[in-house]
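These protein sequence lines map, in sequence, to chains A and B.
Going by our numbering, the final residue of the first sequence carries number 192, and the count climbs one at a time with no gaps.
Going by our numbering, the final residue of the second sequence carries number 558, and the count climbs one at a time with no gaps.
Here a beta-carbon is modelled for each residue, glycine too, at the ideal position from N, C-alpha and C.
None of these values were measured; they are calculated from a predicted model.
Heads up, the thing below is written out as structure tokens.
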Amino acid sequence: MVTRRTFLQGAAATGAGATLVAEPTLAGWLEAGGPVVAVVDQRVGSGRQFSEALRSQGIAALADEHDPAIVLARLAEEFAPGGYTVIGLTQMATFLIAERTGMDNGLNLAWRGDHRLLPNGQLQHRLRGRAETMSALALDRAGDSWAYSLGQHLVAARLPGGAEEQSITTAVARPRQQTGSLVSWVLVPRA
Amino acid sequence: MSTRVPQGVSAEVFEDAKARMRAVVGRRWVIDEESQGLASYYDIYSPASEMTTAPSAAVAPANVEELQRVVVIAHELGIPLWTTSAGKNYAYGGPAPREAGMVVLDLKRMNRVLEVDTESAYAVVEPGVSYFQLYEHLQKNKIPLWIDCAAPGWGSVLGNASERGVGYTPYGDHWMMQCGLEVMLADGTLFRTGMGAMENSNTWNLFKYGYGPYLDGIFSQSNFGIITKMGIWLMPEPPGHMPFMITLPREDDLHMATDILRPLKINMVIPNGVLTPDLIWESATKVPRSKYYTGKGPMPDSARKKMAKDLDMGQWNVIAGLYGPQPIIDANWGVIRDAFAKIPGAKFYTGDDRPGDVSWEYRKKLMRGEPNLTEFNLMNWVGGGGHVNFSPISPTTGDDAVKQYEMIRSRAHEYGFDYMGEFAVGWREMHHIFMLMFNRTDEAETKRAYELFSLLIDEAAAEGYGEYRTNLHYMDHIAKTYGYNDDALWKLHRRIKRALDPKGILSPGKQGIWPLES
Ligand SMILES: Cc1cc2nc3c(=O)[nH]c(=O)nc-3n(C[C@H](O)[C@H](O)[C@H](O)COP(=O)(O)OP(=O)(O)OC[C@H]3O[C@@H](n4cnc5c(N)ncnc54)[C@H](O)[C@@H]3O)c2cc1C
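So this is what it looks like as structure tokens:
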């Protein structure tokens, strides 16, 4: 079993780009009793899919609203600073604010995926992570349900670590229910 | 041992400095490459690599005494300190220093609201107090005073004012509403300005000028000292308030609208900072660009027209508020309506009109001093995270507004970007804010954004327009445009710098003021 301590050490090593001590996963963090919360833009179809995938794994999602400050204030109220992990699929603004606030409160960014709509109408996934994590995500084959697949796999995925990080870009047909670009992200506590 | 060190400082001296600073503030509050969290001081939004301004460390004292000891160590060892308060200076560089390797002096732990005087309507704050925090303090204590905040509520009351930032109530000129500073110099000397120089002053935060030379201004947008406390006037909750928006259907309505606004502002019929955002700015907090256009280059007219129609927005949108007893509001609203009714197709909205309109909601909040972060949704327009503000000052005339708009828009389009801008009308002039949004994950686009910004500086200067504030990467460039009489003003700044901070340890390069240049 992954203890809170090993998770934190692993996550910390990830943030510093050092050798991984452990293989932190959100599932492991959940198992260790650490709270995981999700922030998801449920105004778009992909966001709703992502929420559904998380919910099936016992993670509740806060709805990202027009004022990103609202969801952040709720996070701050519910969890002691640094004591939680946050997973998100949001538009850029909420990601930027969550990432900066997280850093100020003892969290590090352990995952970022950019899911951009391209001028040619395709959706491009630009991911930074381990090769095996990214091939498990299989976003190039997920088509319209890419966000569901991402939600399912990200919880079990080993978070990226230092030297083994890679960037993968795949383009797929534009999902029917998505108008804007989205960012997937995971913030984990520093040791 | 850290690999990044301040320029001109040896690794040994730097390690010594950090060890001594740790002894003052505690291990946790000296953050370097080996500890976690230094990345939170990177500028990850500007059109240049964050490594060009990545600090070597950050140090965060908890109070004036710790700060003084840190400054004395830095002074002795020649360590450059880049001061930030909340450090949320996004669009202008965030918390990052002017040059890679400098040490961020992070004052966010000094975050006490020291005093709120309900009768005389002012507060005294430390640097780390955010708009959210001051607002909550007033709410919790049921104090009937309003704050005036910049659009991002996580900013610092003091940091923003020191940058001469702006807000949206009648107290929107933040530096004007500042009264009484406490400042630390590079050698650790601490003093108070204005009436605060008296031992037992009871008017430090009531009367700005004191006795003798008035110095406060030289500590704004400057690197002459570190502001450690600031008095800020707060607006008494008015007996009435009416926010309004006037949408204008054509791009060339900007001319007439600006000429109408000038006398309304100068005569104080409109008491707050009037904004005239364009269609894209006012829509971008509601919808991503890709909802209307996924092609390359600037959004075409056909898509703009559809978006304006769907969202019921104007090509320009005049946004302001009226404050005071209802009969006065009614009388002033009559004057404003009559004036704008001359623009064919102008539509008028007040208060609860436009239910569900996200941008109108946050604008209304800002005009009554309620902090929020909704304007950050502008980042969703392109979705790539990159943004930088080009902010020239303009006379409040239709001719100038149109000239600046056309100049910036045509260059933006040429470089493949949308024009997203607004004019903020102050007492006699306008701050024209062009928010250049770009996809920072696209290297070529980021480079184009950088080049466009540089070109705009030169072209604006050639027409007599200068910027009121800028991003880290353009501080030297813009300083050079203020070159009257053989750079006389910047030469004077440098003389003051050398007199107050001969070792040049405080925020070197801030606004183009480098310590050792002549
Ligand atoms: C979407 C968006 C909207 C924005 N809207 C506005 C707006 O409405 N109005 C506005 O003014 N700005 C606006 N900005 C710009 C900026 O984000 C704000 O001005 C913000 O308040 C600045 O950050 P801060 O208050 O945390 O200041 P800090 O980052 O703490 O400080 C800013 C600078 O001031 C100097 N400084 C800070 N503290 C001290 C000190 N104690 N002593 C000496 N010098 C010091 C330093 O040079 C520092 O770099 C906007 C930006 C974005 C991205």
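With DSSP collapsed to three states, give me the class of residue i.
i: Asp439/B; result: helix
i: Ile60/A; result: coil
i: Tyr363/B; result: strand
i: Ser434/B; result: strand
i: Gln218/B; result: strand
i: Val45/A; result: coil
i: Ile536/B; result: helix
i: Arg16/B; result: Outside the displayed range of chain B (41 to 558) lies residue 16/B, so it cannot be described from this structure.
i: Ala201/B; result: helix
i: Lys326/B; result: coil
i: Arg101/A; result: helix
i: Gln123/A; result: strand
i: Phe51/A; result: helix
Alpha carbon to alpha carbon, what distance is there between residue j and residue i?
i: Gly205/B; j: Ile267/B; result: 16 Å
i: Leu315/B; j: Glu462/B; result: 7 Å
i: Leu362/B; j: Ala174/A; result: 50 Å
i: Ala88/B; j: Met238/B; result: 47 Å
i: Val327/B; j: Pro167/B; result: 35 Å
i: Gly46/A; j: Leu118/A; result: 14 Å
i: Ala417/B; j: Asn242/B; result: Looking at the sequence shown, residue 417/B is not Ala but Asn. For Asn417/B and Asn242/B, the distance between alpha carbons rounds to 43 Å.
i: Gly29/B; j: Pro36/A; result: No statement about residue 29/B is possible, as the shown extent of chain B runs from 41 to 558 and does not include it.
i: Gly77/B; j: Gly257/B; result: 34 Å
i: Met475/B; j: Val104/B; result: 36 Å
i: Arg44/B; j: Asn479/B; result: 28 Å
i: Ile545/B; j: Ala114/B; result: 7 Å
i: Arg142/A; j: Tyr149/A; result: 12 Å
i: Thr180/A; j: Tyr85/A; result: 31 Å
i: Gly559/B; j: Gly118/B; result: Past the boundaries of the shown model lies residue 559/B; chain B is included only from 41 to 558, so the question cannot be answered.
i: Leu124/A; j: Glu203/B; result: 40 Å
i: Asp318/B; j: Arg344/B; result: 11 Å
i: Asn312/B; j: Asn240/B; result: 35 Å
i: Phe162/B; j: His281/B; result: In the sequence as displayed, the identity of residue 162/B is Tyr instead of Phe. One C-alpha to the other measures close to 21 Å.
i: Asp498/B; j: Leu492/B; result: 10 Å
i: Ile19/B; j: Trp373/B; result: Nothing about residue 19/B can be reported from this structure: the residues present for chain B run from 41 to 558 only.
i: Gly48/A; j: Cys219/B; result: 47 Å
i: Asp56/B; j: Gly48/B; result: 15 Å
i: Gly385/B; j: Ser75/B; result: 59 Å
i: Tyr171/B; j: Met515/B; result: 26 Å
i: Asp397/B; j: Thr298/B; result: 25 Å
i: Thr510/B; j: Asn263/B; result: 15 Å
i: Ala172/A; j: Ala137/A; result: 16 Å
Find out if the Cβ-Cβ distance for the pair residue i, residue j is shorter than 8 Å.
i: Pro190/A; j: Gly107/A; result: yes
i: Val223/B; j: Gly265/B; result: yes
i: Asp213/B; j: Gly466/B; result: yes
i: Gly354/B; j: Leu288/B; result: yes
i: Tyr81/B; j: Pro120/B; result: no
i: Val23/B; j: Pro95/B; result: Here chain B has residues from 41 to 558 only, and residue 23/B is not among them.
i: Gln50/A; j: Ser146/A; result: yes
i: Met275/B; j: Tyr211/B; result: yes
i: Leu304/B; j: Ile376/B; result: yes
i: Lys443/B; j: Glu401/B; result: no
i: Gly456/B; j: Pro278/B; result: no
Residues in the same chain with beta-carbon distance under 6 Å from residue i, minus the five sequence neighbours each way, listed in chain order, please.
i: Ile84/B; result: Glu90
i: Leu147/B; result: Ser125, Pro167, Gly168
i: Val87/A; result: Val38, Leu188
i: Ile98/A; result: Pro69
Quick one: what's got a C-beta closer than 7 Å to residue i's C-beta in the same chain, skipping five residues either side?
i: Ser160/B; result: Leu246
i: Pro435/B; result: Glu469
i: Glu106/B; result: Val64, Val65
i: Glu483/B; result: none
Report all residues from its chain with a CB closer than 8 Å to the CB of residue i; omit the five preceding and five following residues, and keep chain order.
i: Met104/A; result: Leu110
i: Ala501/B; result: Thr521
i: Thr4/A; result: With a pLDDT of 46 at Thr4/A, under the threshold of 50, the predicted position of this residue should be treated as unreliable, though the coordinate-derived value follows. Correct list, in chain order: Ala33.
i: Asp370/B; result: none
i: Arg75/A; result: Leu63
i: Ser399/B; result: Glu322, Ser323, Thr325, Lys326, Thr414
i: Trp421/B; result: Ile320, Ala324, Pro328, Arg329, Asp458, Met460, Met477
What distance in whole Å lies between the Cβ atoms of residue j and residue i, which are believed to be in contact at a cut-off of 8 Å?
i: Val110/B; j: Lys269/B; result: Contact doesn't hold; Cβ gap of about 17 Å is too wide.
i: Gly250/B; j: Gly234/B; result: 4 Å
i: Trp530/B; j: Gly552/B; result: 7 Å
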